[in-house]
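Notes for the one structure printed next.
Residue numbers (the numbering used here): 236 to 325.
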């Protein structure tokens, strides 16, 4: 599952937040722009509830602000809504 929210009032540099629930845990990506570009920071949580609590308590995001989006395809960058492939250097 992936979803993002645009902050109504920026908090420091944070303008947009994305949550990505993967098989390895839950990532909260922080963005300094509303543009579809990579995040500048992220947090990792074990459970989705912990990530949601962080977003609600620390970033003042309410449930109605979330927009659900498709999960990234294999090889796609996780913090980009559009398709950007990650180069495999192995």
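For each residue, glycine too, the CB sits at the ideal point set by N, CA and C. Every value quoted in this text rests on a predicted model; they were computed, and no experiment measured them.
Less than 7 Å between the C-beta atoms of residue i and residue j, yes or no?
i	j	result
residue 306	residue 237	yes
By Cβ distance, which residues of its chain are closer than 8 Å to residue i, with the 5 residues on each side in sequence left out?
i	result
residue 250	241, 242, 266, 267, 268 and 269
residue 290	240, 252, 254, 263 and 296
residue 275	248, 265, 266 and 267
Any C-beta of chain D sitting closer than 7 Å to the C-beta of residue i?
i	result
residue 241	Within the model displayed, chain D is absent; a lone protein chain is all it includes.
Give the straight-line distance between the Cα atoms of residue i and residue j, rounded to the nearest whole angstrom.
i	j	result
residue 255	residue 278	11 Å
residue 299	residue 248	22 Å
residue 244	residue 271	19 Å
residue 313	residue 259	12 Å
My understanding is that residue i touches residue j, with C-beta atoms under 8 Å, so please give their C-beta distance in whole angstroms.
i	j	result
residue 286	residue 263	5 Å
residue 315	residue 273	6 Å
CB-CB under 6 Å to residue i, same chain, minus the five flanking residues each way: which ones, in chain order?
i	result
residue 283	256 and 261
residue 324	With a pLDDT of 48 at residue 324, under the threshold of 50, the modelled position of that residue is not reliable, and the figure given next carries that caveat. Closer than 6 Å at Cβ, skipping near neighbours: no residue.
residue 280	261 and 286
Enumerate in chain order the residues of its own chain whose CB-to-CB distance from residue i is below 7 Å, with the five nearest sequence positions on each side excluded.
i	result
residue 294	242, 246, 249 and 252
residue 304	237, 238, 239 and 316
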